[in-house]
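Here the protein sequences line up with chains A and B, keeping their order. So for the first sequence, the UniProt record's numbering puts the first residue at 1; every next one is plus one. So for the second sequence, the UniProt record's numbering puts the first residue at 1; every next one is plus one. The beta carbon of each residue, even a glycine, is placed where N, CA and C say it ideally should be. The structure appears right after this line, and notes come after that.
There are 2 protein chains.
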Amino acid sequence: MRILLVEDDPLVSDAIVRGLATAGYVVDAVGDAESVQGRLDTTHYDLAIVDLGLPGEDGFTLVRRLRRDGSSLPLLIVTARDGLDDRVNALDLGADDYLVKPFALPELAARCRALIRRATAATANEMVVGRLRIDLAGRRAIDDTGRVLELTRREWSILECLAHHSGRVVSKERLIQAIVSWDEEISGNAIEVHVSRLRAKLGDAATVRGIRGLGYRLDDA
Amino acid sequence: MRILLVEDDPLVSDAIVRGLATAGYVVDAVGDAESVQGRLDTTHYDLAIVDLGLPGEDGFTLVRRLRRDGSSLPLLIVTARDGLDDRVNALDLGADDYLVKPFALPELAARCRALIRRATAATANEMVVGRLRIDLAGRRAIDDTGRVLELTRREWSILECLAHHSGRVVSKERLIQAIVSWDEEISGNAIEVHVSRLRAKLGDAATVRGIRGLGYRLDDA
DNA sequence: GTATGCGAAATCCTGCCGCAAGGCTGGGCG
DNA sequence: CGCCCAGCCTTGCGGCAGGATTTCGCATAC
């Protein structure tokens with residue numbers, strides 16, 4: 001799961017990136033609203049976190065512009081401005097949530113989970129695919145026998161992404177974007193390697209099917 | 001837009017009902033968690049607002065129960081408990097937002113708007129031809145029996161193109177342009193081959209009729 | 001130092017693709 | 001009415017793109 005952070009204060013930005021990375025997200029940070037479009041053009045994001053007080057175009061304008069252009073990207077506003085009008089305005093412009101600084105990182109992570117969950121039509125943080133229980137908050141997968149699968153970070157990220165689109169085809173490109181941040185570059189083969197290892201660990205609890213030329217799909221069987 | 005409010009304090013409940021009514025919502029209020037299921041069984045709601053401190057079954061339990069039963073109703077928690085753990089727990093159980101009392105009615109209304117907007121935006125992009133459901137976003141076709149058709153890239157492209165002009169004749173030339181990338185060249189026979197294989201997979205869920213000298217047409221029968 | 005995760009490279013292998021050949025069909029024409 | 005032929009349908013097959021798997025070296029953490 002990949003998040004775009006728009007925050008001009010390097011200290012705050014760094015803290016958020018660090019915290020969300022611990023929570024298992026891939027986070028790309030930009031310092032101003034003007035850089036956002038370029039990022040969105042090239043990469044799929046599951047959520048954007050926007051600070052209102054930006055140099056140049058401010059957060060309000062950014063939110064309005066994104067929504068006017070038809071983007072359905074979930075938007076979480078994070079700011080020091082806690083006026084009632086600010087909150088109502090941001091939400092009515094098209095933001096999905098509004099969190100006032102200072103906030104605790106666990107709450108930010110929880111709200112991210114809730115927004116991403118809702119955007120992918122999931123309801124709770126535990127989903128069942130085949131004979132597999134997938135605990136999104138706990139970042140672990142559990143067998144039907146109760147055995148916890150020992151998944152590495154990448155393996156989990158791929159499983160999570162596939163589970164969010166269970167039964168549907170997820171392109172290899174998208175899986176790459178789900179597990180690495182923008183600056184690092186990996187070959188498409190890396191996905192094949194991780195999927196292969198994931199399959200071995202899944203056993204017959206769930207099936208990751210490769211759809212030639214399209215991507216992968218997590219099947220209920 | 002119809003909202004279900006679960007709140008035991010009559011004063012608070014009344015104030016919220018009044019405020020949201022002003023904002024244009026139809027609000028039904030109940031005083032305990034036990035009354036919720038009955039309401040949901042008889043009426044469609046776009047959102048539920050739940051107080052955590054309820055007599056009898058509390059809000060947490062209610063949220064957990066609703067999600068476990070598969071409900072996808074957007075849930076907004078409104079409570080006086082503002083501990084970090086409460087917030088994270090509620091969100092992770094399946095709530096979509098968490099607002100701490102005391103709050104301003106305009107903000108509640110704004111968050112309701114945001115949640116309902118997001119929930120109704122999830123419009124499945126699919127079309128139905130004959131006994132076939134064609135999921136454009138998921139790049140897959142589903143039988144009336146629920147069976148997912150295993151289509152190759154070319155087969156899917158042809159079906160998509162035909163479905164897009166359902167009931168009308170599509171020329172072979174156009175189908176060629178739909179499946180090959182721009183400059184590469186294939187014989188017209190290739191289309192015939194793919195159509196043949198597509199027909200075999202479609203079974204009797206839909207009919208691809210060949211119109212001599214003109215092209216192909218996807219029929220509802 | 002040891003263990004583990006990660007990804008590039010190399011190799012194996014599956015199954016898609018398009019051609020070709022032969023059967024089938026419908027319309028034109030005497 | 002029956003023949004002919006163009007155009008469509010189907011099947012088999014070789015070629016090959018690209019996914020699957022294994023191996024191995026590097027980096028990081030403990």
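- For the C-beta of A:P106, the chain B residues within less than 7 Å are, from N- to C-terminus, L84 and V88.
- The stretch 100-108 of chain B and the stretch 120-134 of chain A do not touch, with fewer than 3 CB-CB distances between them shorter than 8 Å.
- Using a Cβ distance threshold of 7 Å, A:V26 and A:D51 do not count as a contacting pair.
- In this structure, B:R113 is the residue among B:R113, B:G167 and B:R68 with its C-alpha nearest to the C-alpha of B:G24.
- Taking a beta-carbon distance threshold of 7 Å, B:S72 counts as an interface residue toward chain A.
- Uninterrupted alpha helix (DSSP H) stretches at least 4 residues long and entirely within the UniProt domain "Response regulatory" (2-116) of chain A occur at 10-22, 36-42, 59-68 and 84-93, given in chain order.
- Judged by their CB atoms, A:D96 and A:L75 are nearer to each other than the 7 Å cut-off.
- By the Cβ rule, the stretch 139-149 of chain A counts as touching the stretch 201-210 of chain A, because three or more pairs are nearer than 8 Å.
- Under the Cβ criterion (8 Å, minimum of three pairs), the stretch 29-36 of chain A counts as touching the stretch 7-18 of chain A.
- Using a C-beta cut-off of 8 Å, the stretch 148-159 of chain B makes contact with the stretch 187-205 of chain B, since at least three inter-stretch Cβ pairs fall below that distance.
- Secondary structure note for B:E126: its beta strand (DSSP E) is the uninterrupted segment E126 to V129.
- Taken through DSSP and simplified to helix, strand or coil, B:I191 comes out as helix.
- Residue-level contact by beta carbon holds for A:V169 and chain B, with a gap shorter than 7 Å.
- The three-state reading of DSSP puts A:A200 in helix, counting H, G and I together.
- Your pair B:V169 and B:R199 does not check out as a contact, with CB atoms roughly 16 Å apart and the cut at 8 Å.
- DSSP places A:L218 within a strand segment (E or B) once states are collapsed to three.
- Chain A has no Cβ within less than 7 Å of the Cβ of B:G59.
- In this structure B:H44 does not touch B:R87 by the C-beta definition: roughly 28 Å separates them, more than the 8 Å allowed.
- Bounds of the alpha helix (DSSP H) holding A:I176 are K172 to I179.
- Of the residues B:G146, B:V36, B:V180 and B:H165, the one whose Cα lies closest to the Cα of B:T61 is B:V36.
- Cβ contact annotation for B:A21 (same chain, cutoff 7 Å, sequence separation greater than five): V27, in chain order.
- The contact set of A:T123 on chain B, defined by CB atoms closer than 8 Å, consists of R67, G70, S71, S72 and G94 in chain order.
- Among the residues facing chain A, B:A114 is included, as its CB has a counterpart in that chain under 7 Å away.
- According to the DSSP assignment, A:L132 belongs to the beta strand (DSSP E) that extends over L132 to D135.
- Spanning the alpha carbons of B:L40 and B:L47 requires a straight line of approximately 11 Å.
- Residues of the same chain with their beta carbon placed closer than 6 Å to that of A:V12 are lacking, with the five preceding and five following residues left out of the count.
- In this chain, the beta strand (DSSP E) harbouring A:I142 covers R140 to I142.
- If you compare the alpha carbons of B:D85, B:G94, B:V148 and B:G56 with that of B:G70, the shortest gap goes to B:G94.
- Counted as a single uninterrupted DSSP element, the stretch harbouring A:I158 is not any beta strand (DSSP E) but the alpha helix (DSSP H) occupying residues R153 to H164.
- Put simply, the backbone Cα of A:I191 is about 28 Å away from that of B:R147.
- With its beta carbon less than 7 Å from one in chain A, B:L91 belongs to the interface.
- For A:G19, the nearest beta carbon of chain B is not closer than 7 Å to its own beta carbon.
- Using a CB distance below 7 Å, the part of the stretch 132-151 of chain A facing chain B consists of A137, ordered along the chain.
- A check of alpha carbon separations from B:G130 across B:L151, B:S166 and B:G19 identifies B:S166 as the nearest.
- Contact check for B:S171 and B:G210: beta-carbon distance about 12 Å, past the 8 Å limit, so the pair fails to qualify.
- Rounded to whole angstroms, the gap between the alpha carbons of B:R212 and B:A137 is 32 Å.
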